[in-house]
Each structure stands twice: as structure tokens, then as C-alpha cells.
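These notes are about the structure you will find just below.
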Amino acid sequence: MEQISNRVAVAALRFLATIGEFQRNRKGNVAVMFALALMPIVAAAGIGVDLSRAYLVRAHLTQALDAAGLAVAGTPGASEEYLETLAQDFFNANYPTTEIGVPGDLQLSVEDSIVTLSASATLPTALLGIFGIDEMDVANEIEVTLETKGLEVVMVLDNTGSMGSSGKIDALKIAAESMVNILFGEDPSPEKLHIGLVPFAHGVNVGTDFPTSALDMTGASSIHGENFDPGVTNVWALYDEIQNRSWIGCVEARPNGLDELDTPPSLGNPETLWVPWFAPDEPSGYSGYYNSYLSDGTSGDVDTRQRNADKYDNAYVNSSSRGPQNGCGMEPITPLTNDKQLLLDNIDAMNAKGGTLIPVGLAWGWRVISPDEPFTEGKDYNDVEVNKAIILLTDGNNWLGTRNNHNRSYYSAFGYVSEGRLGTTNKSAAQAALDPKTADVCENIKDEGIRLYTITFKVSNSATQALMEECATSPALYFDSPSNEQLEVVFQAIARDLSNLRLSR
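Following the numbering used here, the numbering of the sequence shown begins with 7 at its first residue and continues without gaps.
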């Protein structure tokens, strides 16, 4: 802008000199003198108009450079060639051709952790052309300090059966992979970036390498073995008895409100331990039952048939049957990692099965990012050099899957509705308890200072949209994606926000 002002000043001086010549020539008439008197006013107006337009161009340059700078700053470790392309793309997107001024190419240089970005634009003048200034060059420059703070992100992603329709699971994979690519850039394992994945449906798969110290191995939890005859309290023994099925990593939700908390597991308090997932064999020959995979082995009512544990002794589950792992079809949790390829592979492996229990998935997202057991990869909450964020996506409402049988629901992380783990054995009341439970988990996460983003994906239910907006750290961190294509845009916007880096000017 200093160059612009100098050129304008020179033009003004020339113009005033011309006026002086006219004034010294006293042979002119009144009309000429009036015109001469008017011209300084016109000149001042022209200078004001074109300078205002130049300042507007400079503001557009600043906005576009800032956007390019944030994109560059979010990809430490990338090559200069990659940064140049990335910066130019973001600059172009934020300085559209409809704006005044014609921008030139972006200039980028990198020295240590400082990236310098500069750009200029040519502005045809509106009024200064009468003074010999047909265009002005407007330039700006910023410096970006590549972020050195750590970033931990956990994506809690809906992998329920409804995600298998209309290409939604594929759209989710594309969007999540896009986020990974933006945050990682070309660095396959950045030191200070770690991302975790929590696919969820009717429950969560913590993985078979989950620490046994966090599992209820002895049947001491009050909910362990609830679905079997009294005295049969260890489902690990039932897994051992079945010839061809074993535990594959899913667990039930903890009782007594612990499902909403990040309380570390303790052998001294069995309620803090996780009970392995074991979907009971449901009665044969009765309508309304979904998971019958063995002969009942006894007579009596449906409850007696289901509770009979003897039928598991040396049992063989047909390959076409669902079995004790029914409902555990989601991919395992990926703990916080800086392995870019591992994340991309595990995102690509996601599938769509089961119902929707948002509070279960979200609570596990919290545990993955927490510094406490059972996952300990997360840095301490008080570490000022690390930012923590959770991204929650759902494509639908909480859905327990109630049934018209004595269990009153499908088996899930909360067992059966008939067990009363949601505070009631009433189907409608149990379903209604899920949204408040979700809200409680959201508040607990935000209380720890974790940045919480929420996304509704093709959700038409206004109550669920409101729940997710309230769940987010702020309304600005809630996103609604009405289409597959928009979902990638949402994830990219969140990725840019996660960069959240200071620009030095």
C-alpha cells in the first residue's frame, strides 16, 4: 500500500503543477477557471475511490493468504513442493475470480519452521487513469509458524446397519481418510500427531489384545453372567466350552453409571471392570427370537431354556448361525497412533452392522483419548503442549432394538432390556433413557477440556440434531451433512479447524 500511496502522491503533485501553470496564464476565461477549480475535487474523489478499492483488494489478499497459511501450518513435515501446491489451492479457493483485482501466483519460501507466503494483485483504476495511473499493484505477505504443539484426535464413527445403505459407509471412509490425509500431509508418522478410531454400533470392540487387568476375568461384576443359571457367573468358561467360537473383543457397558465415566478399571472394584460380550443362545422354536444357535437342552419356559448353561458344554455352533458374538461385527478400536497407513487401512476395513448406541461409542472415544487406563496412549489433560479433540458422527437416532419377547430387546452392550441396566425393564422407557445418557457423556467429556465436534449424517430427526448440537463444545462445532458429498467437505472443515494454528504477521 505504501507503493500505491507514493504513486498517487506523484500523480497529485504533477496535477497540481499543471494547475499552477494554468493559474499563471491569466488569459483564460471564467469557465476555464471554474473547471480548474473543480479538478482538485475530482482528483481527490478519484484518489479516495481507488485507494478504497486497493484497500479492499489487500483485505481479500490477507484473507486468502491466511487460509493458505492455515492449510500449510497444519501439515508440518511436508515437502516444499507439496506446500506450494496446497497453499496455491487454498489461496485460489479464497480469492475467487469474482473479486476485484487480478491476483498473481502465490510465492512461498520455507526456512526452519517459518513459512513465508506472499501474493500480489493487479487492480485497474476507476478514476486515476485520467492522471496517468491505469492500474495499481497491491501486495501482501504473511509468515506462518509451523505448529509444534501435539494433537490427539479420536474419531467415533457410526458403523451401524443403516450406514450400509445409499453408499453412506463408503462416503464415511472417503471423508475420514480425507481428514487423515490433511492432518498428516506427506509425513507417514509425525511425532506430535496421534489419531484413534472408535467404530461403534450396538457396542464397541476393544480388541482381543485389551489388557486382562481391565477385564472381569473371575465373574465378580454384578452383571457378569446375568443371563444364565445362578452359579454360572463366568462366561469365559462358556467360551472355553464351545468348540468353534471364542471372544473376539466386544464388551458390555459397565453398570451403575460407570458406563458414562472414564473411571480407571480396578481389581478392587469389580464394577469398574468390563464383562466380555456373550450373546446367549435364545430359545428354539419360538417366534420373536433372533439368535438361536444351539439346542435348548431342556424343557420349561423360554427363560429356563435360555438360562440353561449345560447346552454350551462341548457345543458346536453352525457357521450359518450368529452365535455368542452376535452384535459384535464392528472393527476393533484403533488406539491413538501416529501411523498414517494403519489409520487408512483400518478406516477402509470398517463395515456397517447392528443398532445405534451413541453413548457407548462416545464413552469409548473418551477412554481412548484419556491418559488413564485401559488405554494409556493419551497425554495428560494438563499438558499445555497437547490439544485433544473427539469427532462424533452418527447417521441416526439412538436405537436399542426392542423385541416382543421375554428379553424385550436384542442383546447389546446393555444386555437385554429385561435386565434393567438402563434403570427400567420397560421397553419405551429404556429407549428414552439413551438420549439423556448421551448428553451426560458429552458433558463429562467437555468438562475435561476436550474439544468435541459432532456430525449428523443424513439425519432427519430434529431431536437428534438438537442433541448433537448441544453435545458439541459449541454450536459452531456441530455439523449437519445432508449428503454423501457434503460429508467430505465437513471432515475437511474440521481438519482445517483442528490445525488451529497462530499466524505470525
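We put the CB at the ideal spot given by N, CA and C, even for glycine.
Counting only the Cα atoms, residue 453 lies some 24 Å from residue 502.
For residue 124, the uninterrupted beta strand (DSSP E) segment begins and ends at 120–130.
Residue 59 sits away from residue 127, with the two beta carbons spaced by 8 Å or more.
In the DSSP assignment, residue 146 falls within the unbroken beta strand (DSSP E) covering 141–151. DSSP lists 462 as the bridge partner or partners of residue 486. DSSP places residue 327 outside both helix and strand once states are collapsed to three, so it counts as coil. Taking a contact as a CB-CB distance under 8 Å, the pair residue 261 and residue 229 counts as one, their CB atoms being some 5 Å apart. Taking 3 residues as the minimum length, the beta strand (DSSP E) runs contained wholly in the region 381–428 are 392–400, in order along the chain.
Judged by DSSP in its simplified three-state form, residue 432 adopts coil rather than helix or strand. Apart from the 5 residues on each side of it in sequence, residue 107 sits with its Cβ closer than 6 Å to the Cβ of 63, 127, 129 in its chain, given in chain order.
In the displayed model, residue 340 falls within a strand according to three-state DSSP. Secondary structure of residue 298 (DSSP, three-state): coil. In the displayed model, residue 191 falls within coil according to three-state DSSP, outside both helix and strand.
The secondary-structure analysis by DSSP pairs residue 203 across a beta bridge with 161, 340. DSSP places residue 370 within a helical segment (H, G or I) once states are collapsed to three.
With a 10 Å radius around the Cβ and a threshold of 16 neighbouring Cβ atoms, residue 363 comes out buried. In the structure shown, residue 313 adopts helical secondary structure according to DSSP, grouped into three states. Here residue 113 is bridged, per DSSP, to 124. Under the three-state reduction of DSSP output, residue 75 falls in the helix class. Under the 10 Å beta carbon count, residue 365 is surrounded by 16 or more other beta carbons and is classified as buried. Note: residue 362 is bridge-paired with 405 in the DSSP secondary-structure output. Contact annotation: residue 263 and residue 212 have beta-carbon atoms that are not nearer than 8 Å. In the assembly as shown, residue 218 is an exposed residue. Its beta-carbon has fewer than 16 other beta-carbons within 10 Å. Here the region 483–503 does not lie against the region 431–438, with fewer than 3 beta-carbon pairs under 8 Å apart. With contacts defined by Cβ atoms closer than 8 Å, residue 316 and residue 174 do not form a contacting pair. Look at residue 481 here: in three-state DSSP terms it is helix. The count of Cβ pairs closer than 8 Å, one atom from the region 190–206 and one from the region 407–414, stays below three, leaving the stretches out of contact. Beta-bridge pairing by DSSP links residue 293 to no other residue. Of the candidates 266, 272, 95, the residue whose Cα lies closest to the Cα of residue 222 is 272. Residue burial annotation: residue 191 is buried, with at least 16 other C-beta atoms found within 10 angstroms of its C-beta. If you look at residue 443, you'll find it in the alpha helix (DSSP H) that goes 440–453. In the structure shown, residue 283 adopts coil according to DSSP, grouped into three states. In the DSSP assignment, residue 354 falls within the alpha helix (DSSP H) that extends over 346–354. DSSP links residue 221 through a beta bridge to 280.
If you ignore the 5 residues before and after residue 294, its C-beta comes within less than 8 Å of the C-beta of 409, 410, 411, all in its own chain and listed in chain order.
The criterion of a C-beta distance shorter than 8 Å is not satisfied by residue 161 and residue 188.
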